[in-house]
């Protein structure tokens, strides 16, 4: 009996159909915890480190001098303080937008080339995904503290909040159409109410993440893109003010939570 | 007088005004691009979307009534019976595709019903954003009046509840009249699993 129970725990309850729904949920949580201790995200972190140090583009330099907010090449705690305002670009940027900026300004790459394949596949992750894993991992244990003091940061936050409640598209959705009320779900997927701090905190502290169901590493830029696809909207530009404003609004709502990603998602 | 004016100018910008729906739309028109069947016309709000955004889905009663009446006029009931085939209705309710930039234009879309509603007891994976529709017809009968209501509600949910989160599945071109009739049968036919 004990052995059978252990088997259930190891497989995360997937083969224990007799478990009631509540127990199954607990089992999934336990499985997540186990996976978090030896996460597949580490593989992406290793790949990301190699990419960070690899000379690329016409200038044949690496990204090691890229300033993510704490000074050129400073990675420790950088992710926890994004998005934020960057004086050299005179705009608010999230991690991926900043990485693209560095690929252009440091490595001399064309923006179109560097952004041609920002979302990867299970077989072949994108540069952006691996780099995000590597950089985010170096903020573990640090409190999420995006920039909220510069006028452009305040402006982006207010725009992010307005975007969250803006109803549009072929199906009249806003973000709040799905993420607006507590205790709701789509099919079996629970929906966090992301304008509430208690819901936003566990979310923003675990992105970017490895997604088990598709064997892909996914980033917040991907999340915004995929939500707008499901909202039956046209596609937001990668790194646009719209996507950065939303990411800032969500991160600011969950601020103060210690970062414990890259996480694992369903 | 001049000094007072200066002080006012210095203080005013610190009170950052919230962006209006017009500001948000302008930004989206700059930041989005058409892809596949998802064109940029979708970024332009209609009056209903604008009013629901401005009021956070709590529109003033008078304005809501007027636009609801306009929405009601969009509903075109097909001739003859509104009850299609509940079996086809079930697969339309299961299907969550359609109108996305990844969907092939011309392919029949689904209604995404199970994303938000409980329907047949056999399907345990249902969402809860909308009310449960279990035994919908068993509780309400399936006469001509309820058929017209169900058809109209699926065609344009906003005619009945202006800021409802349910898409206008007929008006938006997501579902055809035949498909909506199949969904009417799924909800109302006495043989449909919904009513077991």
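Protein chains in written order, with our numbering: chain A, 1 to 266; chain B, 1001 to 1196.
Glycine residues also receive a C-beta, built at the ideal position from the N, C-alpha and C atoms.
What you are looking at is a predicted structure, and each value in this text was computed from that prediction instead of being measured.
| Can you tell me whether residue 168 of chain A is buried or exposed, with buried defined as 16 or more other CB within 10 angstroms of its CB? | The count along the first chain starts at 1 and reaches residue 168 of chain A at position 168. So residue 168 of chain A counts as buried.
| said: Using 8 Å as the threshold, is the C-beta distance between residue 234 of chain A and residue 1042 of chain B below it? | reply: Translated into positions along the first chain, residue 234 of chain A becomes position 234. Translated into positions along the second chain, residue 1042 of chain B becomes position 42. Taking 8 Å as the cut-off, the beta carbon of residue 234 of chain A is found closer than this to the beta carbon of residue 1042 of chain B.
| message | Could you check whether the region 129 to 142 of chain A touches the region 85 to 101 of chain A, counting it as contact only if at least three pairs of C-beta atoms, one from each stretch, sit closer than 8 Å? | response | They touch, by the three-pair rule.
| request: Grab me the residues of residue 1165 of chain B's own chain with a C-beta within less than 7 Å of its C-beta, minus the 5 sequence neighbours each way, in chain order. | output: As a first step, residue 1165 of chain B must be located in the second chain, where it is residue number 165. Within the same chain, residue 1165 of chain B has close Cβ partners 1129.
| request: Could you tell me whether the Cβ of residue 232 of chain A comes closer than 8 Å to any Cβ of chain E? | output: The structure shown contains no chain E; the protein chains it does contain are A and B.
| message | Spatial neighbours of residue 1050 of chain B within its chain, please: C-beta separation below 8 Å, excluding the five flanking residues on both sides. | response | Locating residue 1050 of chain B in the second chain gives position 50, where the first residue counts as 1. Apart from the 5 residues on each side of it in sequence, residue 1050 of chain B sits with its Cβ closer than 8 Å to the Cβ of 1021 in its chain, given in chain order.
| Candidates A:266, A:261, A:265, of which the one nearest residue 45 of chain A by Cα | On the first chain, position 45 is the one that residue 45 of chain A refers to. Checked all of A:266, A:261, A:265; the closest Cα to residue 45 of chain A is A:261.
| request: Report the three-state DSSP secondary structure of residue 249 of chain A (helix, strand or coil). | output: Here residue 249 of chain A corresponds to residue number 249 of the first chain, with the count starting at 1. Helix.
| query | Between residue 51 of chain A and residue 1030 of chain B, what straight-line distance do the alpha-carbon atoms span, to the nearest angstrom? | reply | In the first chain, residue 51 of chain A corresponds to position 51, counting from 1. In the second chain, residue 1030 of chain B corresponds to position 30, counting from 1. Those two C-alpha atoms are separated by around 32 Å.
| request: Starting from the Cα of residue 177 of chain A, find the closest Cα among B:1068, B:1056, B:1123, B:1094 and give me that residue. | output: On the first chain, residue 177 of chain A is found 177 positions in, with the first residue counted as 1. The residue among B:1068, B:1056, B:1123, B:1094 with its C-alpha nearest the C-alpha of residue 177 of chain A is B:1056.
| task | Excluding the 5 residues preceding and the 5 following residue 145 of chain A in the sequence, name in chain order all residues of the same chain whose CB lies nearer than 8 Å to its CB. | result | The residue you call residue 145 of chain A lines up with position 145 of the first chain. Cβ-Cβ distances below 8 Å link residue 145 of chain A to 80, 81, 255, 256 in the same chain, with the five nearest sequence neighbours on each side left out; the list follows chain order.
| What number of angstroms, rounded off, separates the C-alpha of residue 1161 of chain B from the C-alpha of residue 109 of chain A? | The sequence position of residue 1161 of chain B within the second chain is 161, counting from 1. The sequence position of residue 109 of chain A within the first chain is 109, counting from 1. So the two alpha carbons sit approximately 51 Å from each other.
| Chain-ordered neighbours of residue 236 of chain A on chain B, where CB pairs are closer than 7 Å | Counting from one through the first chain, the residue named residue 236 of chain A turns up at place 236. Near residue 236 of chain A (Cβ distances below 7 Å), the residues of chain B are 1031, 1032.
| query | residue 253 of chain A and residue 195 of chain A: beta carbons closer than 8 Å? | reply | Here residue 253 of chain A refers to the residue found at position 253 when the first chain is read from its first residue. Here residue 195 of chain A refers to the residue found at position 195 when the first chain is read from its first residue. The Cβ-Cβ distance between residue 253 of chain A and residue 195 of chain A falls below 8 Å.
| task | Can you give me, in chain order, the residues of the region 1075 to 1101 of chain B that have a beta carbon less than 9 Å from any beta carbon in chain A? | result | So the close ones are 1096, 1098, 1099, 1100, 1101.
| request: Compare the C-beta of residue 300 of chain A with all C-beta atoms of chain B and state if any pair is closer than 8 Å. | output: No information on residue 300 of chain A is available, as it lies outside the stretch 1 to 266 that chain A covers here.
| query | Exposed or buried, what is residue 29 of chain A when buried is set at 16 or more other beta-carbons lying within 10 Å of its beta-carbon? | reply | Counting from one through the first chain, the residue named residue 29 of chain A turns up at place 29. Residue burial annotation: residue 29 of chain A is exposed, with fewer than 16 other C-beta atoms found within 10 angstroms of its C-beta.
| field | residue 257 of chain A in three-state terms, based on DSSP | value | Taking the first residue of the first chain as position 1, residue 257 of chain A is located at position 257. Here residue 257 of chain A carries a coil assignment [DSSP, helix/strand/coil].
| What is the DSSP secondary structure of residue 160 of chain A, reduced to helix, strand or coil? | Mapped onto the first chain, residue 160 of chain A falls at position 160. In the structure shown, residue 160 of chain A adopts helical secondary structure according to DSSP, grouped into three states.
| query | Would a C-beta distance cut-off of 8 Å place residue 1170 of chain B and residue 1146 of chain B closer than the cut-off? | reply | Counting from one through the second chain, the residue named residue 1170 of chain B turns up at place 170. Counting from one through the second chain, the residue named residue 1146 of chain B turns up at place 146. By the CB criterion at 8 Å, residue 1170 of chain B and residue 1146 of chain B fall outside the cutoff.
| task | State the start and end residues of the unbroken beta strand (DSSP E) segment that holds residue 231 of chain A. | result | Along the first chain, one-based indexing puts residue 231 of chain A at 231. For residue 231 of chain A, there is no enclosing beta strand (DSSP E), since its DSSP letter is neither H nor E.
| request: Evaluate the contact criterion for the region 1060 to 1077 of chain B versus the region 190 to 204 of chain A: three or more CB pairs, one atom per stretch, below 8 Å. | output: Not touching, per the Cβ criterion.
| To which residues of the same chain is residue 1122 of chain B closer than 8 Å at the C-beta, ignoring the five residues directly before and after it? | Taking the first residue of the second chain as 1, we reach residue 1122 of chain B at position 122. 1193, listed in sequence order.
| task | Spell out whether any CB of chain A is found under 8 Å from the CB atom of residue 1113 of chain B. | result | Start at 1 with the first residue of the second chain, and residue 1113 of chain B comes out as number 113. When Cβ-Cβ separations below 8 Å define contact, residue 1113 of chain B makes no contact with chain A.
| Interfacial residues, the region 78 to 104 of chain A to chain B, with Cβ spacing under 9 Å | Within the region 78 to 104 of chain A, no residue qualifies.
| For residue 1028 of chain B, which three-state DSSP category applies? | Stepping through the second chain from its first residue, residue 1028 of chain B is reached at position 28. Of the three classes helix, strand and coil, the one that applies to residue 1028 of chain B here is helix, per DSSP.
| request: Could you work out which residues of chain B lie near residue 163 of chain A, taking near to mean beta carbons separated by less than 9 Å? | output: One-based indexing of the first chain puts residue 163 of chain A at position 163. The contacting residues are 1019, 1024, 1027, 1028.
| request: Just mark residue 1046 of chain B as buried or exposed, buried being the case when its beta carbon has 16 or more other beta carbons within 10 Å. | output: Working through the second chain from its first residue, we reach residue 1046 of chain B at position 46. Residue 1046 of chain B comes out exposed.
| query | Buried or exposed: where does residue 70 of chain A fall if 16 or more other Cβ atoms within 10 Å of its Cβ makes it buried? | reply | Against the first chain, residue 70 of chain A aligns to sequence position 70. In summary, residue 70 of chain A is exposed, with fewer than 16 beta-carbon neighbours lying within 10 Å of its beta-carbon over all protein chains present.
| request: Compare the C-alpha of residue 1156 of chain B against each of B:1142, B:1176, B:1139, B:1141 and name the closest. | output: Taking the first residue of the second chain as position 1, residue 1156 of chain B is located at position 156. Residue B:1176 is the option with its Cα nearest to residue 1156 of chain B.
| Cα-Cα separation, residue 103 of chain A to residue 231 of chain A | Walking along the first chain from the start, residue 103 of chain A turns up at place 103. Walking along the first chain from the start, residue 231 of chain A turns up at place 231. Note on geometry: alpha-carbon atoms of residue 103 of chain A and residue 231 of chain A lie some 31 Å from one another.
| request: May I ask you to report which of helix, strand or coil DSSP gives residue 1067 of chain B? | output: Position 67 of the second chain, counted from the first residue, corresponds to residue 1067 of chain B. If DSSP states are grouped into helix, strand and coil, residue 1067 of chain B belongs with the helices.
| task | Ignore the nearest five residues each way along the sequence and tell me which others in residue 1183 of chain B's own chain have a CB closer than 8 Å to its CB. | result | Indexing the second chain from 1 puts residue 1183 of chain B at position 183. Excluding residues within five positions, the ones whose Cβ falls inside 8 Å are 1084, 1089, 1092, 1093, 1111, 1113, 1150, 1154, 1175.
| field | Runs of alpha helix (DSSP H) wholly within the region 1038 to 1117 of chain B (minimum 4 residues, chain order) | value | List check, alpha helix (DSSP H) in window: 1047 to 1054, 1061 to 1072, 1086 to 1094, 1113 to 1116.
| Which ranges would you report for the alpha helix (DSSP H) in the region 142 to 199 of chain A if only whole runs of at least 4 residues count? | Those alpha helix (DSSP H) runs which fall completely within the region 142 to 199 of chain A and span 4+ residues are 151 to 164, 175 to 178.
| query | Based on the DSSP output, what are the partners of residue 263 of chain A in its beta bridges? | reply | Along the first chain, read from residue 1 onward, the residue named residue 263 of chain A stands at position 263. Residue 263 of chain A is bridged to A:209.
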